[in-house]
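When we follow our numbering, the leftmost residue of the sequence shown carries the number 51, and every step to the right adds one. Even glycine gets a Cβ: it sits at the ideal position worked out from N, Cα and C. Since the structure comes first, as structure tokens, the remarks are kept for the end.
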Amino acid sequence: MSNLLLEADHLFFSYEGESAFALNDLSLKIPKGKKIACMGSNGSGKSTFFLCCNGIRRPQKGRLLFDGRPFDYSKKGLLQLRRQTGIVFQDPDTQLFSSSVFQEIAFGPLNLGEAPEVVRKKTEEIMERLGLSSFADKPVHALSGGQKKLVAIADILVMEPRLLILDEPASALDPLHTGLIRDIIQGIADQGVTILMATHDVDYAYHWADEILLFHAGRILEKGSPASVFSNRALLKQTSLTQPSVLSLFFRLCETGLLSPALPMPRTFEDITCYLQHSGQI
Ligand SMILES: Nc1ncnc2c1ncn2[C@@H]1O[C@H](COP(=O)(O)OP(=O)(O)O)[C@@H](O)[C@H]1O
Ligand SMILES: [Mg+2]
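This is how it looks when you write it as structure tokens:
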């Protein structure tokens, strides 16, 4: 049994009528149960790669494997793939189409032929978990952006995917909904679901991710632990990413001699406070 849930092997993809490659020799491996942050500037290929992950797009060259098996692009194969790989799109309006919140969330499992009473139970559980129960009968178009995003996540969670892909889930959300969605994502990760998330938020990615995949011009420029990727200043400059504030502060304190650079890289501001307390600085 492979420990990899998804593997991309030298993918090339260009959109119809475009000469440039949106994916240009992209290879990567996603281990089971990990939290992976996909970073990189606009146009670096993150969303295109996600669309390839559940077969909405098919690379012109290269190979994708799910749980060790090459993608099967037959109707049956795609259905099976999409049961296991769910994408929450950046813009919920492209994903949501049913009239009420309940109908929207129940649609996926009903469409797969699950028994209505089972679907009702699952849908109610998901709505409860995501704080959507009071909106059950509300039309989806009448929800706020944050509420729509929650419904879009519920839509995918009700299918119980093994791989959850979130394309910039907090873009355009207020701090309240950003926090809510991050808590939900953490809960899903704690259940062992593999998560692939595109984000531009370096502080969040540094704190949250097990691994960073840095996209650049349709391929992976660098991958590694948040500490190794975000301490590489040349790399950050090349990809126009800023350093997470916890790390900048840590390096500054090391430069001024207040902390030793031999200390393990801090993950949070609390870690830095502990270091300062232990070294007698505060
Ligand atoms: N529907 C499309 N038609 C043509 N080109 C596209 C389309 N979607 C994306 N692209 C192009 O593909 C490249 C990768 O884009 P995308 O995957 O959206 O990157 P990211 O998600 O990292 O911002 C960009 O050059 C973009 O302009
Ligand atoms: Mg994108």
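With a threshold of 16 other CB atoms inside 10 Å of the CB of residue i, please say whether the residue is buried or exposed.
i    : result
T144 : exposed
K198 : buried
L131 : buried
C324 : exposed
E167 : exposed
F319 : exposed
K111 : exposed
A222 : exposed
Assuming residue i and residue j form a contact by the criterion Cβ under 8 Å, report the distance between their Cβ atoms to the nearest whole angstrom.
i    : j    : result
A72  : Y65  : 6 Å
L214 : I245 : 5 Å
L291 : E272 : About 11 Å separates the two Cβ atoms, so there is no contact after all.
Is any heavy atom of ligand 2 found at a distance shorter than 7 Å from the C-beta of residue i?
i    : result
A248 : yes
D217 : yes
Q140 : yes
K96  : yes
According to DSSP, is residue i part of a helix, a strand, or is it coil?
i    : result
I29  : This structure cannot settle anything about residue 29, because the visible part of the chain is limited to 51 through 332.
M315 : coil
T292 : coil
L78  : strand
K125 : helix
I238 : helix
V138 : strand
D187 : coil
S97  : helix
G112 : strand
E210 : coil
Is any heavy atom in ligand 1 found nearer than 7 Å to the beta carbon of residue i?
i    : result
K111 : no
A222 : no
G90  : yes
F319 : no
G93  : yes
A87  : no
Could you tell me which residues DSSP puts in a beta bridge with residue i?
i   : result
C88 : A248, L263
L73 : F63
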